[in-house]
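Input: a single structure, listed below in structure tokens.
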Amino acid sequence: MKKRTKLVHGGTKRSQWGELSEAIFLTQGFVYDSAEQAEGRFIECGPDEYIYARYGNPTVRMFEERIAMLEGAEAGFATASGMAAVNGALVSMLKAGDHVVSARALFGSCLYILESILPRFGVEVTFVDGADLEQWTAAVRPNTKAVFFESMSNPALELVDIAGVAEIAHAQGALVLVDNVFSTPVYSDAIAQGADVVIYSATKHIDGQGRVLGGVILGTEAFIRGTVEPYMKHTGGSMSPFTAWVLLKGIETIDLRVRAQTENAMQVAQALEGKPGIARVIYPGLESHPQHALMLRQMGKGGTMLAIDLEGGKAAAFRFLNALEVILISNNLGDAKSIATHPATTTHQRLPAEVRASLGISEGLIRLSVGIEDPEDLVDDVLQALNAV
Ligand SMILES: Cc1ncc(COP(=O)(O)O)c(C=O)c1O
-11 MKKRTKLVHG
-1 GTKRSQWGEL
9 SEAIFLTQGF
19 VYDSAEQAEG
29 RFIECGPDEY
39 IYARYGNPTV
49 RMFEERIAML
59 EGAEAGFATA
69 SGMAAVNGAL
79 VSMLKAGDHV
89 VSARALFGSC
99 LYILESILPR
109 FGVEVTFVDG
119 ADLEQWTAAV
129 RPNTKAVFFE
139 SMSNPALELV
149 DIAGVAEIAH
159 AQGALVLVDN
169 VFSTPVYSDA
179 IAQGADVVIY
189 SATKHIDGQG
199 RVLGGVILGT
209 EAFIRGTVEP
219 YMKHTGGSMS
229 PFTAWVLLKG
239 IETIDLRVRA
249 QTENAMQVAQ
259 ALEGKPGIAR
269 VIYPGLESHP
279 QHALMLRQMG
289 KGGTMLAIDL
299 EGGKAAAFRF
309 LNALEVILIS
319 NNLGDAKSIA
329 THPATTTHQR
339 LPAEVRASLG
349 ISEGLIRLSV
359 GIEDPEDLVD
369 DVLQALNAV
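So the sequence shown is numbered by the numbering used here: it starts at -11 and just counts up by one.
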């Protein structure tokens, strides 16, 4: 099956009723025909056998198989949120004495895990400028077990060269863990480019309609079944069957939504670039983006997210946000509805001002997650908001 066919049919399991739409198995437990069958299932649980929903559920399994097929991964484990996926992938594989190298430009909660949680358990973490391959080379050591980065950073839209970092990490035997949220499953070829583990917050483009929290960890059969699954099923971060059903329906339309959002993002970026009052329009799809060539090689398209840096700092940013009429002020992203965020006072408020500045998160920076509305309405909205500034 080609990618767009997998989105609709991948992983589907039909019950004896032959339902067209995927069924929601809203059950936390399963019954056995006999005591012997129960005993056997606890000794070894086959791929289409279930014990308890924290361990696995048919609707959740459909979601895991569909997204794994789409990404070209051998297996997947679905989690209660994107952060449960980031935490589960890292903590399940690391132990005291291990070393991790991570890009510094991370979403605040990812940074919290790497900066505040892992060191409490004896894992040392070195942060590098993700775009600088020399820093990755200098930071890896014989005890480096993992490298971690967002393939496109939140919110400054800096790309990390997956193939370049993978070559450096693999030379030391370290696994490459990629948080691929901003690249989206539609434009991802992360495994072919060298990633060992791909992580998504399914809350973003996979749902794409603002309904549920979810996440997924994708990798080899050995990593998912041998390392991730035992940790996740015993610590409780598994996905609910209802969430998996919502996300299965989300995947069916993700290609249509993300491609429409990307076309709209390009139109908004082009309309804003060069306008007075804006210091920078940051969009990987524009030739002015410093990593435009890497974006073409790694993703092929610029994606659904852009950022603008307003010259007037926080006051200008707030005036811009408050003048928007179609685009909503919120902190989610990847949604069918266009969303504007002021990272310095919301998603990245916790960071010290100097760290924010070093990550390019200025007081005037606004992150735009572009939706599927009519592009003319979106362009009119940002231009009239800019006039208000
Ligand atoms: C890059 C990135 N990783 C992980 C997450 C966490 O996802 P969730 O909110 O589903 O836990 C987010 C959320 O914004 C994100 O932007």
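Every residue, glycine too, gets a C-beta built ideally from N, C-alpha and C.
{"Check": "Do you know how far the Cα of Phe306 is from the Cα of Pro143?", "Outcome": "17 Å"}
{"Check": "Please check the pair Thr334 and Asn319, which I expect to be a contact at CB under 8 Å, by giving their CB distance rounded to whole angstroms.", "Outcome": "5 Å"}
{"Check": "How would you label Val204, buried or exposed, when you count the other beta carbons within 10 angstroms and need 16 or more for buried?", "Outcome": "buried"}
{"Check": "I'd like to confirm something about Phe137: is its beta-carbon nearer than 7 Å to some heavy atom of ligand 1, or not?", "Outcome": "no"}
{"Check": "Using a threshold of 8 Å, state whether the C-beta atoms of Met227 and Gly202 are closer than that.", "Outcome": "yes"}
{"Check": "Curious, which full-length alpha helix (DSSP H) runs of at least 4 residues does the segment 226 to 304 contain?", "Outcome": "229 to 260 and 280 to 286"}
{"Check": "Under the DSSP definition of a beta bridge, which residues are partnered with Phe65?", "Outcome": "Ile205"}
{"Check": "Let's see if you can read the secondary structure: which residues bound the beta strand (DSSP E) around Ser189?", "Outcome": "Val185 to Ser189"}
{"Check": "Given this structure, state the Cα-to-Cα distance separating Thr231 from Thr67, to the nearest angstrom.", "Outcome": "10 Å"}
{"Check": "Whose C-alpha, out of Ala324, Ser176, Ala61 and Asp243, is nearest the C-alpha of Leu284?", "Outcome": "Ser176"}
{"Check": "Using 10 angstroms around the beta-carbon of Val343, count the other beta-carbons present and answer buried if the total reaches 16, otherwise exposed.", "Outcome": "exposed"}
{"Check": "By the three-class DSSP mapping on this structure, what secondary structure does Arg344 have?", "Outcome": "helix"}
{"Check": "Tell me Thr(-7)'s beta-bridge partners as DSSP assigns them.", "Outcome": "BP columns for Thr(-7) are empty, so no partner."}
{"Check": "Just to confirm the assignment, what range does the alpha helix (DSSP H) spanning His222 have?", "Outcome": "Glu217 to Thr223"}
{"Check": "Cβ atoms of Val48 and Pro229: under 8 Å apart, would you say?", "Outcome": "yes"}
{"Check": "Do Met293 and Leu145 have their C-beta atoms closer together than 8 Å?", "Outcome": "yes"}
{"Check": "Any chance you could list the alpha helix (DSSP H) runs of at least 4 consecutive residues sitting entirely within the segment 52 to 135, in chain order?", "Outcome": "70 to 81, 96 to 100 and 121 to 127"}
{"Check": "Tell me, please, which residues DSSP counts as bridged to Thr329.", "Outcome": "Arg355"}
{"Check": "Which two residues bound the contiguous alpha helix (DSSP H) that contains Leu374?", "Outcome": "Pro363 to Ala376"}
{"Check": "So what does Gly17 bridge to, in DSSP terms?", "Outcome": "Tyr40"}
{"Check": "Between the Cα of Leu58 and those of Gly44, Glu10 and His(-3), spot the shortest distance and give me the residue it belongs to.", "Outcome": "His(-3)"}
{"Check": "Per DSSP, what kind of secondary structure is Val48 in: helix, strand or coil?", "Outcome": "helix"}
{"Check": "With a threshold of 7 Å on Cβ separation, who are the neighbours of Tyr100 within its own chain once the five nearest residues in sequence on each side are excluded?", "Outcome": "none"}
{"Check": "Could you give the first and the last residue of the continuous alpha helix (DSSP H) run that contains Val200?", "Outcome": "From DSSP, Val200 is part of no alpha helix (DSSP H); its letter is neither H nor E."}
{"Check": "Can the beta-carbon of His87 be found closer than 8 Å to that of Thr132?", "Outcome": "yes"}
{"Check": "Could you check the C-alpha separation between Ser22 and Gly44 for me, to the nearest Å?", "Outcome": "20 Å"}
{"Check": "Our contact map puts Leu206 next to Ile55 with C-beta atoms below 8 Å; I'd like the distance itself, whole angstroms only.", "Outcome": "7 Å"}
{"Check": "Between which two residues does the beta strand (DSSP E) harbouring Val164 extend?", "Outcome": "Leu163 to Asp167"}
{"Check": "Return yes when at least one heavy atom of ligand 1 lies under 7 Å from the C-beta of Ser104, else no.", "Outcome": "no"}
{"Check": "What is the C-beta distance between Ile270 and Ala295, in whole angstroms, given that I count them as a contact (C-beta under 8 Å)?", "Outcome": "4 Å"}
{"Check": "Look up Glu313 in the DSSP assignment and say whether it is helix, strand or coil.", "Outcome": "coil"}
{"Check": "Kindly indicate which residue of Cys98, Gly273 and Val111 has the alpha-carbon position closest to the one of Ser69.", "Outcome": "Cys98"}
{"Check": "Find the nearest neighbour of Arg(-8) within the set Ala210, Val174, Phe95 and Pro331, judged by alpha-carbon distance.", "Outcome": "Val174"}
{"Check": "Please name the residue in Leu8, Asp297, Val113 and Val164 whose C-alpha comes closest to that of Val377.", "Outcome": "Asp297"}
{"Check": "With distances taken between CB atoms, is the gap from Glu138 to Phe115 smaller than 8 Å?", "Outcome": "no"}
{"Check": "DSSP three-state call for Phe170: helix, strand or coil?", "Outcome": "coil"}
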